[in-house]
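These notes concern the structure reproduced below.
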Amino acid sequence: MSSVSAPNNATESINPFNVIARFNRSKIKQFTNVEIVIAFILFVTIVVLAVFGQWLQTHDPMQGDLMARFAAVGTKGYLLGSDHLGRDLWSRAVAGLQWSMACALTANIINLFIGTTLGLMAAEKEGWARTIIRQFTDTMQSLPFLIVAIVVVVIVGHGFVPLVLTLGLLSWVVYMRVTYAEASSIYQRDYVKAAHIAGVNRFAIMFGHVLPGVRASLFVIFAFHFAGLLIAESALSFLGIGAPLGVPTWGNMLAESRQYLLKAPWMLLVPAGAIVMAVITMNLVGDGIAGLARKRGRSIDV
Amino acid sequence: MESPASRVSAAAVSTFDRYSKAHTRMTTAPASHNVLRIDNLALHFISQGDVVEALKGISLDISAGEVVGVVGESGSGKSVTALNILRLLPRSKIKIPHGTVSVLDRDVLTMNENELRKIRGGEVSMIFQEPMTALNPVLRVREQMFDVIMRHQKITPDEAAKLSLQLLSDMKIQDPERVFMAYPHELSGGMRQRVMIAMAFSCQPKLILADEPTTALDVTVQAQILNLLKERATATRTAVMLITHDLAVVAQLCNRVYVMYKGKIVEHGKTRDVIGKPQHAYTKALLNALPEGKQPKSRLETVAAVMIESATGEKPAGVKTLTPLKDSGRSAPQAKFVRFGRGQPIFEAVNATVRYPKKYDFFGRPVSYQTAVDHVNLSLFEGETLSIVGESGCGKTSFANTVVGLASLAEGQLKYKGKDLKDHDEITRREIQIVFQDPQSSLDPRWPIWRIMTEPLTVGKKPSKKQLRDTAEELCEMVGLDPHAIDRLPHEFSGGQRQRIAIGRALSVHPRLLLLDEPTSALDVSVQAQILNLLLDLQDKFDLSYLFISHNVAVVRHISDRVAVMHMGKIVESGAADQVLSRPAHAYTRTLMDAVPTLERAFAAA
Amino acid sequence: MSSVADNAPNPPAAKAAVSDIMTALMPLLFQLRKLAWLLFTVTTLLFFLMRQAGDPALVLAGNDATPEQLAAIRAQYGLDQPLLVQYFRYMLNVLQLNFGKSLASAEPAMLKVLDMLPRTLHLAGMAILLTASIAIPLGSWLGFKPENPERRAISGLLFVMQGVPGFVTALILIQIFAVNLRLLPSLGYEPLDARTWVLPVCSLASFLVPSLTRVVAANVAEAMREDYIRTARANGASQTTLLWSHAVPNALLGAAALIGTQFAFLLGGSAIIETIFSWPGMGWLLLESVQTLDFPVVQALAFMIAIMVFTVNACTDLVFRYLDPRLRTKGS
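Chains A, B and C supply the protein sequences, listed in that same order. Just so we're aligned: the first sequence equals residues 706 to 1007 in my numbering. Just so we're aligned: the second sequence equals residues 889 to 1494 in my numbering. Just so we're aligned: the third sequence equals residues 56 to 387 in my numbering.
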């Protein structure tokens, strides 16, 4: 409460700490600009590969050429080498990217929807809805996610739909918690009280004031959670319980590489590099959005 | 029976004496009598090509044992001045083009960190504004006091403990042992500020920089703290630089005063002279903006207007000044307008009681309650202003919340136009609108202000965007904002302008009763004057009734027809403003009135 | 606090004392209620899911069993009863911690799980210790002056490390240290041979260190901007004092929560690492028994893991309360 006045009004407030805060802000801007450029390039690459992957693959990712087994990285025709069945690793990596992205994106949207809805419902007012939702979320959080996911996938079966549903229905907790915390604080603001007093209906308040206030954080989580889901998906595939065996996914490729560590280390490095690149990209995007939101948040003094 | 406390303090006195003697020996030798001397100091904040001139060549000196005030509004550079004395501003982000700062005849601007650390807390110490955040929440008072004492004095922990307890009991703390072992969150704001002061005095400094030490506290606590500060300073012959926005506080405490405005010292001298016969236009304007001592309901002069006029000879642009409404009778100071009950009360509270659950049982059912508002009876008549005065925690905000339907009554009734508030339909209930204290939190930062101001109009109807924007323009005119600014976001406005926007929003639904919850307490004095003028104009124009909630007695006296004093959930006294505030009957009202620092009393005492 | 004199027949005071005890026990009761609810959910969920997965009788009898043999087994294990009846009988057994015998080895399932428990605790404990002892000093150092060039370079490195999943690190470490350099074993667990611990523990820590470091650094940086730091500076505190006595204790409050979460994650989430390194812990057992549809073991495992995760979270909560004086209850 020490500085209530607007920092950009020249006649008021040369509060030293305001000035310093403004200075720090410019630092962040400088930093995030570089970050955002890198993130943007990587992100566009990934999107292009995911959308136009079909036309960028040089070989059929499923079809091996037994004459060309264990081709090293850079071999003519095999950009990233080939595996123990002579399948082109570049094509398989691209196909794996498509699979992983589709999987993580769908699951993430399901998570976002469930988590945000529950978070908003719980934040709005005290009562049985809040109690039940919070209790439920606590339980979900105490469930060891990976264990349940393993069990469910094993039971429900391999394949895209079971995998997506498992990830989608089990990992929304982070969305609920953030939405709940931020929405609760917005519901305490005077402008929401003023709207309430003026008789504005609860959905108009929810979608006019509260959700827009939470939006920036949701974008940030969406990116970070995307990275988390990519890891979870490839981990399950690696254990042989996510994607069906033989389908080109990064997890499957890693699992296959284990027998040939000495002979063909690139079989490990190609999918590993792909996972790392995708995860770092999503983390960078998340950091970039967070930086932008922080900058914007500071300038509007939320 | 001798209490352990007194035993400890008896022992501590000797320790304390020893060190104050050592300290007196040292002070006998200074070459000049100035503990602080600032000469033609300029200070710029630099941020990527952006230079903000925070100080533009100020000169200031403080002699040993003197209490000097530095007065100014936010952004005047007074805190920067203090922080720079101890070089607490990050060095990479400031530039000092010229000037010197010397403490005890040593130039602090050329000192390195090691030399500075000996000065900080040792020779010069500082008291900050926010007692809530200025102490480390995870350390006990003991650790934080030890931290300072052991750093600057070569004594054993036992002696340090004795000294600390002595310092705490010097601050009139009843149970120093408890406070000594407490964590900051276990202490009240006033108690924390006492601890801060005790820490500041712990190493017998020559100078204490007190940056708004009582602004965050209630008036009665403020009075105690200021007295203690003055008392300790006199007893130990410590000089104090008191930074504040409150002229009355300065008048009460300081021998001399410096007035700062936009990084310059515009006037200085003996407090009596500066406040009694101000020379500079700004000082005059500041004094005129104070509601205190003015004719109730008269127009207050606003600083911005005076300063811009005096600098350029033009009327200020930007904020549209409202043309004073003619024939209101108020512009002539002699016509004192106190309006009393015309016919039926528009609003009544009958035995209104609010309780909050305090403890819950296993199944989440409340088992005990705290009474926040205790059988309050009030009535407000059409067109008058009724104020509820009280300190924080007295229940005034809880009461306000029930009036606008944010909380419900445990007992009693609220009546609007003779009918229970609950029985009115939504549209009638909207005739009661509220203006909140914090203009920061009361406007959605993502909405342009036309949308904010017209939000209440969208309830149940779907007016076109054009209609809404037109209405917003009208509302802007009404509250003195530029109608071309309706597409801007709240952060593009200053605190006072945001408060105007909030008032505009309340007016959009043609209210009859405005609930004003501390609408000016987050604002500077000069901005406060503008808002008070606006409120009085609007009341005249639309015949509004105001329920005004505040802790600021001077403001209440200025704006109210009638006053109710609230203490611990109960109304202890009510009546005509003049009568209650000038001839209080209840003991609490008297305590409250005595605690408020006023220029009049300060001069009478001097 | 009211204290009741021994001989004073004072019912209201006695009642007050009882209610005081109730108030003190309340947090514990709340926790137990939560635990009960959690275990109920896990057990129920798994029971029905596992029944969906396959016929236990088929697993017990083997694929080439005759219909008569199957029927006999169904009768023997009560599998011919309606599902709800089976469910209630099952829940009654669970209340006595009896999950039945492992279908694979005929050992009691719970015993099998308890065999694995110390090994998982060993792995998780070492990983979290290593993580904390790297991340806390590193994070404090980074957060103290986050804008220094070399500290920013390290932050960047951590950011990249954060993008490498633990199992990918594990595979790469195996490639380097076991396959290429032949320095360390890539498989197996010897309780007394530290060489077998190195790679699994490092793989886990490599995934946890970046996030904990970043949180500690952010908290320290934030604490350094607080008013009490300004107070301490105004009182002449040195940079070291500012960092270690004022900023870090406050910053660790936030980090404590994350350490708890990470430990809880390790208890259930080290399954992949255990599988990669053939570390015979609970995660490894889980994958084994899930793939062979060994229902009793899966159930016992999930039950045990849920209890452990819950306990860790509850303990974190307690530690948190102890560390943060603002949360510490007064009087007691």
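Idealized CB from N, CA, C, for every residue including glycine. Being a predicted model, the structure only gives us computed values, none of them experimental.
- In terms of Cβ geometry, residue 1487 of chain B and residue 1136 of chain B form a close pair [threshold 7 Å].
- The way I'd put it, the region 1123-1135 of chain B does touch the region 961-971 of chain B; three or more beta-carbon pairs between them come closer than 8 Å.
- With respect to the 7 Å criterion, residue 1371 of chain B and residue 1365 of chain B are classified as neighbours on the basis of their beta carbons.
- Taking 7 Å as the cut-off, the Cβ atoms of residue 1450 of chain B and residue 1465 of chain B count as close.
- Sequence-distant Cβ neighbours of residue 1444 of chain B in its own chain, meaning closer than 8 Å and more than five residues away, are 1275, 1277, 1436, 1438, 1451, 1465 and 1469.
- Taking each of B/940, B/955, B/952 and B/1018 in turn and checking the Cα distance to residue 983 of chain B, the smallest one comes out for B/940.
- At a C-beta separation below 9 Å, residue 970 of chain A has these neighbours in chain C: 230, 234 and 235.
- For residue 1293 of chain B, the residues of chain A that pass the 7 Å Cβ criterion are 902, in the order they occur in the chain.
- For residue 749 of chain A, the closest Cβ of chain C is not nearer than 7 Å.
- Around the CB of residue 907 of chain A, fewer than 16 other CB atoms lie within 10 Å, so the residue is classed as exposed.
- Residue 906 of chain A carries a coil assignment under DSSP once its states are collapsed to helix, strand and coil.
- The Cβ atoms of residue 1332 of chain B and residue 965 of chain A lie no closer than 7 Å to each other.
- In the three-state DSSP reduction, residue 1463 of chain B falls in the strand class (E or B).
- Non-local beta-carbon contacts of residue 278 of chain C in its own chain, meaning distances under 6 Å to residues more than five positions away in sequence, involve 302, 305 and 306 in chain order.
- For residue 816 of chain A, the nearest beta carbon of chain C is not closer than 7 Å to its own beta carbon.
- Annotation: Cβ neighbours of residue 215 of chain C in chain A (cutoff 7 Å, chain order): 985.
- Bounds of the alpha helix (DSSP H) holding residue 186 of chain C are 164-199.
- Assignment of residue 244 of chain C by DSSP, reduced to helix, strand and coil, places it in the coil class.
- Chain order gives no chain C residues near residue 1372 of chain B, where near means a beta carbon separation below 8 Å; the closest approach is about 38 Å.
- For the pair residue 1324 of chain B and residue 898 of chain A, the Cα-to-Cα distance works out to about 10 Å.
- Rounded to the nearest whole angstrom, the CA to CA distance from residue 1432 of chain B to residue 1392 of chain B is 14 Å.
- For residue 942 of chain A, no beta strand (DSSP E) encloses it; the enclosing alpha helix (DSSP H) starts and ends at 916-943.
- By the neighbour-count criterion, in which a residue is buried when 16 or more other Cβ atoms sit within 10 angstroms of its Cβ, residue 921 of chain B is exposed.
- Distance from residue 1175 of chain B to residue 1182 of chain B at the Cβ level is roughly 10 Å; contact not present, criterion being Cβ atoms closer than 8 Å.
- Taken through DSSP and simplified to helix, strand or coil, residue 1050 of chain B comes out as helix.
- In the pairwise beta carbon analysis, the region 925-932 of chain B is classified as not touching the region 1111-1130 of chain B: fewer than three pairs are separated by under 8 Å.
- Contact of residue 1024 of chain B with chain C by beta-carbon distance below 9 Å involves 281, 283, 284, 286, 287, 300, 301, 304 and 305.
- Among the residues of chain B, none has a CB under 8 Å from the CB of residue 834 of chain A; the nearest is roughly 14 Å distant.
- Rounded to the nearest whole angstrom, the CA to CA distance from residue 1376 of chain B to residue 1279 of chain B is 36 Å.
- No Cβ of chain C is located within less than 7 Å of the beta carbon of residue 994 of chain B.
- Where residue 1146 of chain B is concerned, the enclosing beta strand (DSSP E) starts and stops at 1144-1149.
- Judged by their CB atoms, residue 1295 of chain B and residue 1405 of chain B are not nearer to each other than the 7 Å cut-off.
- Among the residues facing chain C, residue 966 of chain A is included, as its CB has a counterpart in that chain under 7 Å away.
- Under the three-state reduction of DSSP, residue 232 of chain C is assigned to helix.
- When rounded, the separation of the alpha-carbon atoms in residue 270 of chain C and residue 1430 of chain B is 55 Å.
- Separation of residue 115 of chain C and residue 96 of chain C (C-alpha to C-alpha, rounded to the nearest whole angstrom) is 26 Å.
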